[in-house]
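Student: Handing you this structure, nothing more for now.
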Amino acid sequence: MENCMAEVNISTEGKPIECSEPLNVGEEMSVCHENPEQTKPIMKMETESLNGNAKPRFSITSERNNSLVDQGSGIGLGNATPGGPPTRSRPSSKMTKYVECWGADKPFANIAESTLAKNIELTSMDMIETNLLPNRNSCLECRKWLSGEDLHPALLWFRNPVQEDEYRSQSDSEFRYYMAGATIVFIGMCIMQLATIPKGIILYGTLGPTFIVLLVFVYLCWLEGCCSSKPATDTPLEHIDSCVPPGRIVADSRCLRIAIFLLTVTLISACAVVTVVDYEPLPNLVSNATSLILEGRNASDYGEINDPSNTTALMGDPENSIIEYVPTYLYGSAMSLCAISVYLRIGFLLKLGLMVASIISHIYVYSYLKFFQDYHDTHDDKFPNIPFEIKTALVLTVAIILFHILDRQIEFTSRTDFLWKAKLKVEQEEVETMRGINKILLENILPAHVAEKFLTSRNTQDLYHERYSCVGVMFASIPNYKEFYDESDVNKQGLECLRLLNEIICEFDKLLLKPKFSCIEKIKTIGSTYMLASGLRPGKENSGEASRKEEYNIIALEASRKEEYNIIALVDFAVLLMTNLDQINRDSFQRFKLRVGINHGPVIAGVVGAQKPQYDIWGNTVNVASRMDSCGMMGRIQVTEDTAKILMHTGYTCECRGPTFVKGKGTLTTYFVKTQFDDK
1 MENCMAEVNI
11 STEGKPIECS
21 EPLNVGEEMS
31 VCHENPEQTK
41 PIMKMETESL
51 NGNAKPRFSI
61 TSERNNSLVD
71 QGSGIGLGNA
81 TPGGPPTRSR
91 PSSKMTKYVE
101 CWGADKPFAN
111 IAESTLAKNI
121 ELTSMDMIET
131 NLLPNRNSCL
141 ECRKWLSGED
151 LHPALLWFRN
161 PVQEDEYRSQ
171 SDSEFRYYMA
181 GATIVFIGMC
191 IMQLATIPKG
201 IILYGTLGPT
211 FIVLLVFVYL
221 CWLEGCCSSK
231 PATDTPLEHI
241 DSCVPPGRIV
251 ADSRCLRIAI
261 FLLTVTLISA
271 CAVVTVVDYE
281 PLPNLVSNAT
291 SLILEGRNAS
301 DYGEINDPSN
311 TTALMGDPEN
321 SIIEYVPTYL
331 YGSAMSLCAI
341 SVYLRIGFLL
351 KLGLMVASII
361 SHIYVYSYLK
371 FFQDYHDTHD
381 DKFPNIPFEI
391 KTALVLTVAI
401 ILFHILDRQI
411 EFTSRTDFLW
421 KAKLKVEQEE
431 VETMRGINKI
441 LLENILPAHV
451 AEKFLTSRNT
461 QDLYHERYSC
471 VGVMFASIPN
481 YKEFYDESDV
491 NKQGLECLRL
501 LNEIICEFDK
511 LLLKPKFSCI
521 EKIKTIGSTY
531 MLASGLRPGK
541 ENSGEASRKE
551 EYNIIALEAS
561 RKEEYNIIAL
571 VDFAVLLMTN
581 LDQINRDSFQ
591 RFKLRVGINH
601 GPVIAGVVGA
611 QKPQYDIWGN
621 TVNVASRMDS
631 CGMMGRIQVT
641 EDTAKILMHT
651 GYTCECRGPT
661 FVKGKGTLTT
671 YFVKTQFDDK
C-alpha cells in the first residue's frame, strides 16, 4: 500500500482538501485519536484577500504532544493513489459536530473592540509612537521652533490670524499666581536692600508705596466675589452686574493684564536702582571719599560726604564703604529680570523687550556712578582693560538669554497646547456630527429603539428579537407600476420611472412623521410594495415567565383597545396613502392605484444579517397580510375576518367579499373596507 502526504485544510474557495498524514489507500481518516486526552482538535480561521474582499479560510489540525498532526488521525477523503480516481467517504460524526459549532456572524458583531483591533493593520510599532506619543525634545532643542505649518518660526505667532486673536483673547486664570510670584520676588529684593544698604527716606519712600501697590494688585487678582448675598430689592440683572468678581475681570481682560504687568515690572525695576541717588548727589564728594578709602584714611576727617546721619560713619570703614553696596544693586537688577519672567502667559517678545530696556536703563545709571567703576577696579582685576559697563552688561545679558529661552519654550508649549485643544475641539465636533449622521442612517434601516440598543449595548453577540402578541401588518402595492416601467431612450433607460417611484415612496415616508402615525413602523419596500407594521412597542419583549405574567395582565386590561388602535392607525394611513397617490397621479398624469392588505396577530421582530443588517418581522400574521395584498383588488383595502370584526366594532363599514382562495392558506373569508376611493 502506498502512502501520501497532504495538508488538512477546509477552504471556502473550493480547493481540494488534502491531509498531512501517511494514509492507507481507501481508509477513512478520523479527527480524534484513540486517546482523546492526547489529541486536541485545533480550528484556525485566516482571511485571504481576493479582489479586495476578505474571505475566511478555515484550517483544522490535530495536536498531540505539541505536534501539528498525530499519526493515524485525519479526515477520510477516499483513494489517494496517484492517477487513481478519487472517491469520497463519509465524514466523521465528530467532524460534523465541530463544523456545526462554528456558528454564523451576528448582526453588528463586527463592531466589537477585539474585532476592530484585528481588522486594523499596523505596519510597525514605530507608526504608533510617531502618531500618538509626544515628542521628547528638550527645552534647548530649537529645531522644533523652526518647523511647523501653524506657527511662525521666529515670532511663534499663528499663521492663521483668527487663531492668533483667539489665543490672545483667551482668559488667563493663572495671572493671579504670576502676580503673587512677582510680589514675592519684590519682597526678597526689599529684604536684601534693607539688610545691606543704609536706610534712608528714598529707600522707604520707594519700597513702601510699591509694596502697597503690589498688594492691591494681588488682592484684586485673587478676589473671587464682591458680595455675599443678593439684596431683596435688586433685580437679577443688577445683582449679576454688581457681583462680577474683580479677579475674573482681570483674568478675562488682556489689556488690563498687560497694564498691570507693565506697571508692576516698571515699579520693581525702578526700586532696584533708585536708591543710588542717596550715595552720590555730588559726584566730587564721592570721588574724594573713594580716594580716601583707597589711601586707608578716615573719611570723617574731611567731614560729611553724603548723608550726615548715616553715610559719614560708614564711609570711614573700608569694609562697609559705599562700594560694597554694588553687588546689592547688581542682584537687584537680576531680580527685576526674574520678576519680568514670572509672568508666563505674557508674550515672550514683550518680556524680552522689557528685560533689555530694564538692563539698558540700569547700566546707563551705573555708568554715571563713580563708585561702580571703583568697585570693579578693586574687586575685579582679571580683565582690567574691559570697561565695567561691558562686564556688567555681559553678566546680565546671559541672564536675559536664559530667561528668554525659558520664556520661548513656555510660549511654544502654551501655543501648541492651544492648537491641540482647538484641533481636538474640531475633531470632537466632527465626531459628534458623524455620530449623529450614523444614528440617523441607522435609524433609517432600523427602528429608533433597536438602533439605540445597538449603539449603546456592548453585548452584540446575541441575536436581537422580540415577540409581540398583537401587531397590525399592512402591505400596500402599486400593481400597475410594472406596466408603467419601461427601459427606453425616452425615459433614460428607466431612470425617469425610478424617479417617479422614488417620489411616491418619499411622499409615503413623510406621512410617517405625523404624530398620529407614531405607532406605525416602516419595515421595508420591495419594488413598488410598501410594508408597514403598527404596535411594535419598544422593549416589550415577552421573555421570562415573570415578564410574561406582567405582560399578560396588562394585555388583559387593554387588549381590545390596543388591537383597535393598531388596526385603525393602519387603515387611516392606507386611506392617506391613497389620497397622496391620487394627487401624484394628477400631477404626473398617471393612473396608479393602491392595493392594500391588512392583518393583525402575533409576530416575531428581529435583526438579521451580519454585513448588511435588516430589521424584519416574521410569522403567520405577516404571510396572511401579504396574501391579502396579492389576492386583493386595486383601489381597495382587503382585510381578514378577525380584522374586519374589529373595524366594524369601531364604526368602519366592511364589505364581505366571501370565501377567497389564498395561496398557502386555502379558502378564507375576506372583507373590503369601504373608503371614498371605492367608486373611482
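So in the UniProt record's numbering, the last spot in the sequence shown is 680, and the numbers never skip. Even glycine gets a Cβ: it sits at the ideal position worked out from N, Cα and C.
In chain order, what residues of the same chain lie with their CB nearer than 6 Å to the CB of residue 423, ignoring the 5 residues before and after it?
Tutor: none
Student: How about residue 658 and residue 640: do their beta carbons lie closer than 8 Å?
Tutor: no
Student: Assuming contact is defined by CB atoms lying nearer than 8 Å, are residue 569 and residue 637 in contact in what I supplied?
Tutor: 8 Å or more divides the Cβ of residue 569 from the Cβ of residue 637.
Student: Could you give the residue range of the alpha helix (DSSP H) that holds residue 444?
Tutor: 388–445
Student: In its own chain, which residues sit with a C-beta less than 6 Å from the C-beta of residue 656, not counting the 5 before and 5 after it?
Tutor: 671
Student: Please go through the same chain and pick out, in chain order, the residues whose beta-carbon is closer than 7 Å to the beta-carbon of residue 707, but skip the five residues on each side of it.
Tutor: Beyond the ends of the chain as shown, which are 1 and 680, falls residue 707; an answer cannot be given.
Student: What residues in its chain sit with their C-beta under 8 Å from that of residue 37, if we drop five residues either side in the sequence?
Tutor: In this predicted model, residue 37 has a pLDDT of only 44, less than 50, meaning its place in the structure is not dependable enough to derive any value.
Student: Out of 208, 514, 408, point me to the one whose CA is closest to residue 270's CA.
Tutor: 208
Student: With DSSP run on the structure shown, which of helix, strand or coil describes residue 38?
Tutor: With a pLDDT of 44 at residue 38, under the threshold of 50, the predicted position of this residue should be treated as unreliable, though the coordinate-derived value follows. The answer is coil: DSSP assigns residue 38 none of H, G, I, E or B.
Student: Would you report the Cα separation of residue 475 and residue 629, rounded to the nearest angstrom?
Tutor: 6 Å
Student: Evaluate residue 661 with the Cβ neighbour count: other Cβ atoms within 10 Å of its Cβ, from every protein chain shown; 16 or more gives buried, anything less gives exposed.
Tutor: exposed
Student: Cutting at 6 Å between CB atoms, please list the residues of its own chain near residue 178, excluding the five before and the five after it.
Tutor: 342, 343
Student: Do you know how far the Cα of residue 325 is from the Cα of residue 369?
Tutor: 12 Å
Student: Which word fits residue 499, buried or exposed, when buried means at least 16 other C-beta atoms lie within 10 angstroms of its C-beta?
Tutor: exposed
Student: How about residue 373 and residue 388: do their beta carbons lie closer than 8 Å?
Tutor: yes
Student: In whole angstroms, give me the CA-to-CA distance for residue 584 and residue 430.
Tutor: Cα to Cα, residue 584 sits roughly 39 Å from residue 430.
Student: What's the C-alpha gap between residue 162 and residue 417?
Tutor: 16 Å
Student: Along the alpha helix (DSSP H) that carries residue 172, what are the first and last residues, could you check?
Tutor: That residue, residue 172, is in no alpha helix (DSSP H); it is neither H nor E in DSSP.
Student: I'd like to check one pair, residue 481 with residue 592: are the Cβ atoms closer than 8 Å?
Tutor: Taking 8 Å as the Cβ cut-off, residue 592 and residue 481 qualify as a contacting pair.
Student: How far does the beta strand (DSSP E) with residue 620 in it extend, from its first residue to its last?
Tutor: It is not in any beta strand (DSSP E) - residue 620 instead sits in the alpha helix (DSSP H) that spans 620–630.
Student: Residue 599 lies in the beta strand (DSSP E); which residues open and close that run?
Tutor: 595–608
Student: Regarding residue 409 and the ligand PLP, is the C-beta to nearest heavy atom distance less than 7 Å?
Tutor: Among the components modelled here there is no ligand, and therefore nothing to report on the ligand PLP.
Student: By Cβ distance below 6 Å, which residues in the same chain neighbour residue 334 in space, the five residues on each side in sequence not counted?
Tutor: Cβ within range, chain order: 399.
Student: Considering Cα atoms alone, identify which of 607, 347, 365 is closest to residue 155.
Tutor: 347
Student: Tell me, to the nearest whole angstrom, how far the beta carbon of residue 649 is from that of residue 472; I am working on the premise that it is less than 8 Å.
Tutor: Not quite, the Cβ-Cβ distance comes to about 15 Å (not below 8 Å), so this is no contact.
Student: What is the DSSP secondary structure of residue 650, reduced to helix, strand or coil?
Tutor: coil
Student: With three or more beta-carbon pairs closer than 8 Å as the criterion, would you say the stretch 353–366 touches the stretch 162–172?
Tutor: no
Student: Just mark residue 259 as buried or exposed, buried being the case when its beta carbon has 16 or more other beta carbons within 10 Å.
Tutor: Residue environment for residue 259: exposed (fewer than 16 other C-beta atoms within 10 angstroms of its C-beta).
Student: How is residue 255 classed by DSSP in three states: helix, strand or coil?
Tutor: helix
Student: Could you give the first and the last residue of the continuous beta strand (DSSP E) run that contains residue 521?
Tutor: 520–526
Student: Sorted by chain position, which residues of the same chain lie with C-beta nearer than 6 Å to residue 352's C-beta, five sequence neighbours on each side aside?
Tutor: 404
Student: Return the residue from the list 504, 210, 561 that minimises the CA-CA distance to residue 579.
Tutor: That would be 504, whose Cα lies nearest to the Cα of residue 579.
Student: Considering only residues of the same chain and omitting the five flanking positions on each side of residue 220, which have a CB-CB separation below 8 Å?
Tutor: 246, 247, 250
Student: Is it the case that the Cβ atoms of residue 339 and residue 265 are separated by a distance below 8 Å?
Tutor: yes
Student: Can you give the beta carbon distance from residue 624 to residue 665, rounded, assuming they're within the 8 Å contact cut?
Tutor: 6 Å
Student: Buried or exposed, going by whether 16 or more other CB atoms sit within 10 Å of the CB of residue 434?
Tutor: exposed
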